[in-house]
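K.L.:
This structure is in structure tokens; I'll ask about it shortly.
Protein chains: 4
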Amino acid sequence: MARHSTGRRPDCENRVPKRSHPVSQSLQSARRSGALGESYLKVRNETLALARGLSDADATVQSMEDASPAKWHLAHTTWFFETFLLETQLAGYQSFDPSFCYLFNSYYEQVGARHPRPRRGMLTRPSLEEVWTYREHVDGAMLRLLETEPAEDILNLVELGLNHEQQHQELLLTDILHLFAQNPLRPAFHSPEPLAVDEEGPAALSWKSFDAAMAEIGHEGEGFAFDCEGPRHDAIIRPFKLASRPVLNCEWLEFMADGGYRTPTLWLSDGWAIANERGWNAPFYWEDRAGEWQVMTLRGMQPVDPAAPVCHVSYFEADAFARWTDRRLPTEVEWEHAASLHKLQGNFADSGRLRPKPPVAGQGDDELLSLFGDVWEWTQSPYTAYPRFKASAGAVGEYNGKFMNGQYVLRGGSCVTPGGHVRATYRNFFQPDKRWQFSGLRLADDL
Amino acid sequence: MARHSTGRRPDCENRVPKRSHPVSQSLQSARRSGALGESYLKVRNETLALARGLSDADATVQSMEDASPAKWHLAHTTWFFETFLLETQLAGYQSFDPSFCYLFNSYYEQVGARHPRPRRGMLTRPSLEEVWTYREHVDGAMLRLLETEPAEDILNLVELGLNHEQQHQELLLTDILHLFAQNPLRPAFHSPEPLAVDEEGPAALSWKSFDAAMAEIGHEGEGFAFDCEGPRHDAIIRPFKLASRPVLNCEWLEFMADGGYRTPTLWLSDGWAIANERGWNAPFYWEDRAGEWQVMTLRGMQPVDPAAPVCHVSYFEADAFARWTDRRLPTEVEWEHAASLHKLQGNFADSGRLRPKPPVAGQGDDELLSLFGDVWEWTQSPYTAYPRFKASAGAVGEYNGKFMNGQYVLRGGSCVTPGGHVRATYRNFFQPDKRWQFSGLRLADDL
Amino acid sequence: MARHSTGRRPDCENRVPKRSHPVSQSLQSARRSGALGESYLKVRNETLALARGLSDADATVQSMEDASPAKWHLAHTTWFFETFLLETQLAGYQSFDPSFCYLFNSYYEQVGARHPRPRRGMLTRPSLEEVWTYREHVDGAMLRLLETEPAEDILNLVELGLNHEQQHQELLLTDILHLFAQNPLRPAFHSPEPLAVDEEGPAALSWKSFDAAMAEIGHEGEGFAFDCEGPRHDAIIRPFKLASRPVLNCEWLEFMADGGYRTPTLWLSDGWAIANERGWNAPFYWEDRAGEWQVMTLRGMQPVDPAAPVCHVSYFEADAFARWTDRRLPTEVEWEHAASLHKLQGNFADSGRLRPKPPVAGQGDDELLSLFGDVWEWTQSPYTAYPRFKASAGAVGEYNGKFMNGQYVLRGGSCVTPGGHVRATYRNFFQPDKRWQFSGLRLADDL
Amino acid sequence: MARHSTGRRPDCENRVPKRSHPVSQSLQSARRSGALGESYLKVRNETLALARGLSDADATVQSMEDASPAKWHLAHTTWFFETFLLETQLAGYQSFDPSFCYLFNSYYEQVGARHPRPRRGMLTRPSLEEVWTYREHVDGAMLRLLETEPAEDILNLVELGLNHEQQHQELLLTDILHLFAQNPLRPAFHSPEPLAVDEEGPAALSWKSFDAAMAEIGHEGEGFAFDCEGPRHDAIIRPFKLASRPVLNCEWLEFMADGGYRTPTLWLSDGWAIANERGWNAPFYWEDRAGEWQVMTLRGMQPVDPAAPVCHVSYFEADAFARWTDRRLPTEVEWEHAASLHKLQGNFADSGRLRPKPPVAGQGDDELLSLFGDVWEWTQSPYTAYPRFKASAGAVGEYNGKFMNGQYVLRGGSCVTPGGHVRATYRNFFQPDKRWQFSGLRLADDL
């Protein structure tokens, strides 16, 4: 019932310690500072390009607790730069609107109180227009900050902020899809035009084998990575094989036809309970329209493409499917071991397709097709800390570590992940019942 | 969890039987037809004036299940004319958009399936702009229909549609207030300017006595009334007295200070349970700001005016307050008996105040101040059918009768009721726990 | 989730003021005192006879929030005498166990805190055996109290306590039926033996007409009545007719066959929502067993008897049925007006049948068959205060008044009501969605 | 609301395939058969001894969905033998009551439909007495079966059944404690007598270090183990240290005093949400009684013993505590590595203490005190399948594998675990919010 919010506006100071930096900055820092300035503009403009077609209303409504309004994504990513950088690092910075600290904090306890997540859709003010102005205000200040050639740790925060923004670019798309799927009109985010179903049949399934090994996984060294991707550490590889491509819609249809959604012994106990409670009988967004399976996409309702990777399935479904085939999901160690030498290319958001693409043999650099892009691939690994993992100090340490419970790792990125955002060590994570992300699966098995 | 709607669009035909009318229309009908055309434009334009300041987002979000988005109100009232009049009565009428039949039906089972009430806020499309166009489309057609000088029953439906629209004008205001109260920024719907607290003290309380009588209540004869206002019938009046004005905020503050919200013996059992569960300790929209009670209004946060009628209290609170004073709420029979000879004037929405006004002795025509307007007055009468009540035939018969359960009658209109909409026989009704309407109370007692 | 109770044991003193009585008691009081002693033993022993067959476990489990464990009924009715009489009126009375004041208070706020209603089934201790001992302890003391020939107001409280106990006798039966119906074994409370279905067909339906009148309803004068049965007052009778018998199962089966449970226009809006949410498609306790309708009864699963009154229907169902027949439910005024001269006999609990009996023409004293007993008859009247009703002073004033919200009045008693408990003015009341009571209906209509 | 169960009684045949065994049984099998007969009687009698003091009501009520009634535990363990052994392996076996197959199946989908878990407490019939008779019936038959010197796979099932029964012995105690804690009388399951608080102060904390190693963990070879304890496999040990004893109540009190329950940065995000929602401010069963912390135990309310291991804390609390100390929980690999050479002794249920005992230096065989018994120790390891784990074939394969989601591993057994039941490889598992088990923690850290 109507528990109206209290209007309490917290004092948002003291969120990160003011730091003093050594006066002389290295040349390297200057170069990096310049490069980051370019990246900054590029990433921020990509967000603009993405959200440009949304109306004020499209950008304001929250379709479920898991999702956020597009406007909130636009403002929160901006708040990140303002809060963690401008307010402490840019002398004389004037905050755009002090109330935004409360409105657009996501979950940083150390920054202070925040607007409750399930009520993000109540904010018809500020308008989308005002949020664009907020972004311009912060962008101007950020560029001024970068011109000061700030210290490494500041530049690291900028880089974190840009990767953070890219994550929200993907979420903006998954959340808009969810919102539009709630509308009986099933509006399209982009025109459906370039998505003719491929004429070739689905790619054949083969397996790539891997020998026993002591491998190393996790991030180390140069290049950006989130804290949870490290420390790099040894891991035992037991002989296994990995499917040459993700599971396809045509295979999923067989699973359905064989009673996959009605056979309790295929399912984890929790999954079976949820599948029944929620009446699952097909992947999320699938609709049976007069006997034809269609699927709600960012390009409106479309026929299900049998040759494309199955998408919008939960971990519980992926796990049940794997059991049905008498195979299993890979561990994240196995996945990363297989991916570590793989070329980092695939169908990402910058292709503009915004739907998973049927894998075609011969397109990749070896026999693992669609390893990156298309659909996030569920692994059987719970999202836990790597050995000797320590969360970063300060509020940004809340970024990943506190979510290490009840979630599973997904790997490889999807067709709505910004190009260049993921890498072999990248760990995405969601609860096993979530289906609104672009999540699919690739089979593995013991050798 | 995300149960996305099925996209099923019902066949909306057959909703009301096509009727054939006699060719010759009486002069009286022509006159009435003309008058209704004027009323039509007036009422429809008042809606426009009311909602003009809302953004696309303001008009789209649904703040709770009880409330509807402004855009939905604008479209639903239009749907009413299109569905019950144009589609069956205007030859060659072209429906604006066939999907609107599903989207904007409120609760008319006989018209067909409809978009679920709790999901009205998911409709970011059609946009507010498109809804304005929808209204223009229907307005043009309605004026054409009225020019055909249609039969009495058609004119009756037009009149019903206009009164229906006025009800939604009030709901649009109560729902926007609720939405804006969810926003930590507490935006104002109208500027706060003309609402200085009156300097005179609160109006003194006196009582007006009524003798035993056999009275008649209910609507009969000329002029519009909703079906539930009749049939007119005898009712026993037992000697009673009625307070000269509604209960004021200053009196409510005394109730609070005396532990009114913490004393179970003052409350109905259901009310006590709900008051505790929801943490009630003051009227809805009141906030304690550093020791000062403020209240969210259509003009933003304002100090509570001690001399104004208390507003936004539930039946449970009103009943507890009356018990605290050792008085009682009036029955609807008593209220109507007292009001039947009273001048129909007061602080309605057309005053532009949009807040209850302190009653001032001598302003009314007799000693019952603020009987109409300011705040709806809870009566102790459950909303039931009058003797020999029959709901109208067809879908419009669902208007009132099927809601005759679990609600109490309120009388007199409020400061957000359109001027000219209510009358002495008018029965408003809400569940006893509802607080977002402009509801207050007036005390009564036995003699 | 596991919110364990706090173990707080309230101070149970001060619950009713100690009163001093005049020394000399009238002879009348002595006589009444003696008569009440006999009644006391009779009623208390009837409870014993009723519950004798229950095991410790049967008597302990709570099958839903609306129901209470048999043990709780046994203890609470005893607590009533202990709390409202012995502790203040019997010099030197030693409380059986001070913790029982907390455990067995139902809803008397003025007596103090109490064990939460939904957790009554957690009390495996005290055992059923201990509760029987508790009853003996209190019975002994009560008889000693009655020997002191106490004052009228004390005797009134004893009488209230006995009527209270009878109400709980009925509830004990309805609650045991509900409990046993949860058990897949469907155990029988009593042997099924005497319940052969009658061979004669169902009694024909006729109507009894009543003229317009100014009637009096409500209790006044001698004999016990609950406070809510008064004050006696005038009421307008409009010409109406009343069915000669309750609605029968054979008629209900027609309603079902005609889609009664699938036709929204027959239902109140709230009722339709609940019927769908809970999947109602037949009266409560009915089960389709291989095409035959059976019903869970206090004598185990039995075939539905077409000639018997329908039982275990909610107000919502009764109202929908009446609308299906194009009739209506009677008001409580009409019911009482018709019943006021009727012989107070029928199939009550003391018949031992414990199921509604098919009405047989000629058995009653006039043409209203089964008016008393068999099934409680829903009226269309919300349970409200009669004009000038004042609840009794002190804690017993919480008995009825505070429940006057959201309930409807039922009249006439049922086959599980103790013989001699009801009368023409008796008002039972339940929420419109409740079905576990022995509730049916009788049709009425305007003349 | 009252959704009464359907009374459907499934066909319980075909639950396990009838197997034919070779006629000649090895001598080894005969010996094992005899030994198992003795074990059978011993374990079954221990259950009897445990539950002997419970009343019919104590044994029937279900205090929450996570817990089961004692009667259900007694019947379900018996059902296990009847279903998986007698009905298919003992020629001419007469089932005790065919309805028990439905009533007492826990979660074996392959055996058929079952009484819903949350409604186990509705079964007041069969009575406790009848369940004891059921046990005798099955015990007689089981001994006859064992006299036939059945094949290995049958004997394995008997052994599984006995270990299964021991698990339910522990659950019976945890569930009775929970039930008694719901009763404001806080009854004691056993007399409080032998539990004087130790006079010596709490054991000092020291650390035992472990070098890097390639270790083996998991069960292999002789002796019973559950399927999830294997296969035995390599695991990398990184240098770490383990606390010499579990965390004690005195340390937990410091955590509380330091605001541990009010500091979000100590908590996992899910844990913080749950801790707030449920109002956690101390371990489960702790009550502040006039400023003294007491705890509900199987021996009634007792003062919290500062020197004893903290008990009834969730994973979320254990994890927050570890973060507060800047240490961490051990992984299950580390725990098992440390425990593998440790003497398997400790304070188990057969000590009769039924409460955790303060660890005393010098009592163990090395510096890891209370490693077994006292309290289950949360590890940081999600409960997942070991490499190459395959669930057993048939219905018993549902024993463990399908629960491998959303739970954490606990190790070492508790003061209510039957003596001889656990071992170093034993994996217990519960969801991270559960607190009614005897769960505590031991700190670890990296070296």
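Residue numbers (the UniProt record's numbering), protein chains in the order written: chain S, 1 to 447; chain X, 1 to 447; chain R, 1 to 447; chain W, 1 to 447. Glycine is no exception: its CB is placed at the ideal position from the N, C-alpha and C atoms.
#1: What residues of chain W sit near leucine 268 of chain S, judged by a beta carbon separation below 8 Å?
#2: Taking leucine 410 of chain W as part of the alpha helix (DSSP H), name the residues at either end of that continuous run.
#3: Could you work out which residue in X:Glu170, X:Gly221, X:Leu74 and X:Leu344 is closest to tyrosine 352 of chain X when comparing CA atoms only?
#4: Considering only their Cβ atoms, is the gap separating tryptophan 376 of chain W from glycine 413 of chain W smaller than 8 Å?
#5: Identify which residue in W:Ala91, W:Gly112 and W:Arg125 has its Cα closest to the Cα of leucine 185 of chain R.
#6: Find the nearest neighbour of leucine 344 of chain X within the set X:Ala212, X:His337 and X:Gly373, judged by alpha-carbon distance.
#7: The alpha helix (DSSP H) spanning glutamate 334 of chain R covers which residue range?
#8: Ordered along the chain, which non-local residues of its own chain (more than five positions away) have a Cβ less than 8 Å from that of glutamate 220 of chain X?
#9: Kindly indicate which residue of X:Ala349, X:Glu82, X:Pro382 and X:Val422 has the alpha-carbon position closest to the one of leucine 173 of chain X.
#10: Within 10 angstroms of its Cβ, does arginine 31 of chain R collect 16 or more other Cβ (buried), or is it exposed?
#11: So, with DSSP's three-state summary, where would you put aspartate 175 of chain R?
#12: Could you check where the alpha helix (DSSP H) with glutamine 294 of chain X kicks off and where it finishes?
#13: Suppose you measure from the CA of tryptophan 436 of chain X to the CA of proline 202 of chain X; what does that come to, to the nearest Å?
#14: Just verifying my parser: in three-state terms, what is the DSSP assignment at aspartate 234 of chain R?
#15: Helix or strand or just coil, what does DSSP make of alanine 391 of chain S?
#16: Find the residues of chain S that neighbour histidine 115 of chain X, judging by a C-beta separation of less than 8 Å, and give them in chain order.
#17: Could you give the distance in angstroms between the alpha-carbon of phenylalanine 316 of chain W and the alpha-carbon of phenylalanine 438 of chain W?
#18: Indicate whether the contact test is met: 3 or more Cβ pairs, each with one atom in the region 140-147 of chain X and one in the region 383-392 of chain X, closer than 8 Å.
#19: Is the region 390-404 of chain W touching the region 107-118 of chain W, taking contact as three or more C-beta pairs under 8 Å?
#20: Within this structure, are the beta carbons of tyrosine 261 of chain S and tryptophan 280 of chain S separated by less than 8 Å?
#21: Can you tell me whether lysine 434 of chain W is buried or exposed? The criterion is at least 16 other CB atoms within 10 Å of its CB, across all chains shown.
#22: Name the residue from W:Trp79, W:Met214 and W:Glu200 whose alpha carbon lies nearest to the alpha carbon of glycine 161 of chain W.
#23: Report the residues of the region 47-80 of chain W with a CB closer than 7 Å to any CB of chain R, ordered along the chain.
#24: State the DSSP-derived secondary structure class of alanine 213 of chain W, mapped to helix, strand or coil.
#25: So that I know if they touch, is there some Cβ in chain W lying closer than 8 Å to that of glutamine 166 of chain S?
#26: In terms of DSSP beta bridges, what is asparagine 347 of chain S paired with?
#27: Give a yes or no on whether the C-beta atoms belonging to proline 356 of chain X and leucine 369 of chain X are separated by under 8 Å.
#28: Give me the chain W residues within the contact set of isoleucine 217 of chain S, using Cβ-Cβ distance strictly less than 8 Å, ordered along the chain.
#29: Closer than 7 Å by beta-carbon distance: list the chain X residues that pair up with leucine 103 of chain S, in chain order.
#30: In angstroms, rounded to a whole number, what distance separates the CA positions of threonine 77 of chain W and cysteine 250 of chain R?
#31: Tell me whether the region 253-271 of chain X and the region 317-324 of chain X touch, counting them as touching only if at least three CB pairs, one residue from each stretch, are closer than 8 Å.
#32: In terms of DSSP beta bridges, what is leucine 86 of chain X paired with?
#33: What residues are listed by DSSP as bridge partners for methionine 64 of chain S?
#34: Whole angstroms is fine: what's the gap from alanine 282 of chain R's alpha carbon to serine 314 of chain R's?
#35: Under a three-way DSSP split, which group does arginine 427 of chain R fall into?
P.N.:
So, from the data block:
#1: Lys402, Phe403, Met404 and Asn405
#2: Where leucine 410 of chain W is concerned, there is no enclosing alpha helix (DSSP H), although the beta strand (DSSP E) it sits in stretches over 408-411.
#3: Note that residue 352 of chain X corresponds to glycine in the displayed sequence, not to tyrosine. It is X:Glu170 whose Cα lies nearest to the Cα of glycine 352 of chain X.
#4: yes
#5: W:Arg125
#6: X:Gly373
#7: 332-339
#8: Gly230, Pro231 and Arg232
#9: X:Ala349
#10: exposed
#11: helix
#12: Not the alpha helix (DSSP H): glutamine 294 of chain X falls in the beta strand (DSSP E), residues 292-297.
#13: 24 Å
#14: strand
#15: coil
#16: Pro184
#17: 15 Å
#18: no
#19: yes
#20: yes
#21: buried
#22: W:Trp79
#23: Ser55, Asp56, Ala57, Asp58, Thr60, Val61, Ser63 and Met64
#24: strand
#25: no
#26: S:Gly373
#27: no
#28: Ordered by position in chain W, no residue passes the 8 Å Cβ test against isoleucine 217 of chain S, which lies about 12 Å from the chain.
#29: Pro184
#30: 46 Å
#31: yes
#32: For leucine 86 of chain X, which the question treats as bridged, DSSP gives no partner whatsoever.
#33: In DSSP, methionine 64 of chain S forms no bridge with anything.
#34: 11 Å
#35: coil
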